[in-house]
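Chains as they are written, first to last, in the working numbering: chain A, 1 to 233; chain B, 1001 to 1233.
Structure (structure tokens):
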């Protein structure tokens, strides 16, 4: 029996959102046709963005403990529905016997061909780390950073989702997207797994939003289906 | 760090529903104030109801494997958001070092004082096992069983949720509830964790529905709060 390992709790709502996407992307008529997972919903993991930006408590020991736990449970592949945690991707991949799918690779691969500018909606930590910018540039795409006020709205959106205040989060996201529209940006990657939860509460969005949670879920189901663990929709 | 162990995947949508209820019932402003969980979403566990009713493959070995896994991961308490699996509660509780909260106890405790008749909406297996009927009777409450046609609708509702067909599930549930209304039943316990997912898609329900997923989530958060693992809303 093959188990998908999910290193989660960063935040917890994003983890359940990810699990739900995997279920929706799986062609299953009964429980036994769904994919089995072991989910370490480790909410106590220190804040990733704060550690990168402000030298807060290092989350790497907690991340590696989670990787060890999932490997001990027999995970055949590991996914991490938290973009900022991918700042430590190399250290986690080195530690893990099971391969770790990369959320940024999955998300950037979903940018439609021909798109030349993509805004990056992410935590301050992820922007400072720069993995989205590097991945976009490697494909000839110009990363567009939100201006300071818009970035404050993105940060507030993420914080509100983590506190289960979804309507407030959608308001912040809506304001940030309006500034991108005025800058003629038509595609943005939601490079933080809290943002798609807020985006679902938006009335309308004229910016095309690439959803890192959904793309990681697609990559996970594709990985599982290739190995005969389940069937895709 | 205290971990809540969730033996899930029965079905997987019910497991994410349970996790989400725990998050909503927790007073958290950031990830670190949410409760950490280890979730064994073991969808391959053989069908519980079929095993009870029709002598299908015994799920007990898979259930005990899940209990062992959660104990090895250091779970301080275990919950199982599947009512039918509680047919094997005694065997699981005997095997587990961590205490296992009982979903039926939590649900029956939520019946308002003075209510004398409660319908049981559950799998055929759970009804044959009889744990809801016994628990209700021990509190002086008469359990009301759905008639054969209504029970077929309940079974179809559960099956549709497991296949992620929520609208179809709500239709079946609505028909079953209409027959209970005609029988002057005003309170029903949703004693299968798929049913609340269908109930959320109902336009209106004139029967008061006690939600086993929500009651187990409440009991879980209360257990955690009493031990200082987190704070309740």
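Just so it is clear, CB atoms sit at the ideal spot from N, CA and C, and this is done for glycine as well.
How about residue i and residue j: do their beta carbons lie closer than 8 Å?
i              : j              : result
residue 10/A   : residue 45/A   : yes
residue 210/A  : residue 111/A  : yes
residue 120/A  : residue 141/A  : no
residue 67/A   : residue 107/A  : no
residue 1104/B : residue 1004/B : no
residue 1166/B : residue 1201/B : yes
residue 185/A  : residue 124/A  : no
residue 1023/B : residue 12/A   : yes
residue 126/A  : residue 192/A  : yes
residue 1187/B : residue 1115/B : yes
residue 1164/B : residue 1021/B : no
residue 206/A  : residue 26/A   : no
residue 1227/B : residue 1002/B : yes
Sort the options by Cα distance to residue i and report the nearest one.
i              : options                           : result
residue 1161/B : 1136/B, 1178/B, 1197/B and 1179/B : 1197/B
residue 49/A   : 59/A, 227/A and 110/A             : 59/A
residue 1075/B : 1101/B, 1012/B and 1031/B         : 1101/B
residue 17/A   : 63/A, 80/A and 184/A              : 80/A
residue 1158/B : 4/A, 31/A and 27/A                : 31/A
residue 1177/B : 1195/B, 1012/B and 1164/B         : 1195/B
residue 82/A   : 136/A, 114/A, 180/A and 217/A     : 217/A
residue 90/A   : 63/A, 180/A and 182/A             : 63/A
residue 1148/B : 1136/B, 1130/B, 1180/B and 1169/B : 1180/B
With 8 Å as the threshold, decide whether the Cβ of residue i is near any Cβ in chain B.
i             : result
residue 38/A  : yes
residue 12/A  : yes
residue 157/A : no
residue 56/A  : no
residue 16/A  : yes
residue 28/A  : yes
residue 35/A  : yes
residue 190/A : no
residue 9/A   : yes
residue 151/A : no
residue 24/A  : yes
Consider the Cβ of residue i: report whether some Cβ of chain A lies at a distance smaller than 8 Å.
i              : result
residue 1220/B : no
residue 1086/B : no
residue 1091/B : no
residue 1068/B : no
residue 1163/B : yes
residue 1214/B : no
residue 1217/B : no
residue 1041/B : yes
residue 1044/B : yes
residue 1031/B : yes
residue 1145/B : no
residue 1236/B : With chain B covering 1001 to 1233 only, the question about residue 1236/B has no answer from this structure.
From which residue to which residue does the alpha helix (DSSP H) around residue i run?
i              : result
residue 90/A   : 89-95
residue 1057/B : Careful: residue 1057/B lies outside any alpha helix (DSSP H) and carries neither H nor E.
residue 167/A  : 166-182
residue 1137/B : 1131-1138
residue 1199/B : 1195-1199
Name the DSSP bridge partner or partners of residue i?
i              : result
residue 40/A   : 7/A and 1038/B
residue 121/A  : 190/A
residue 1154/B : In DSSP, residue 1154/B forms no bridge with anything.
residue 208/A  : 187/A
residue 1232/B : 1026/B
residue 100/A  : 78/A
Taking residue i as part of the beta strand (DSSP E), name the residues at either end of that continuous run.
i             : result
residue 77/A  : 75-79
residue 143/A : 142-144
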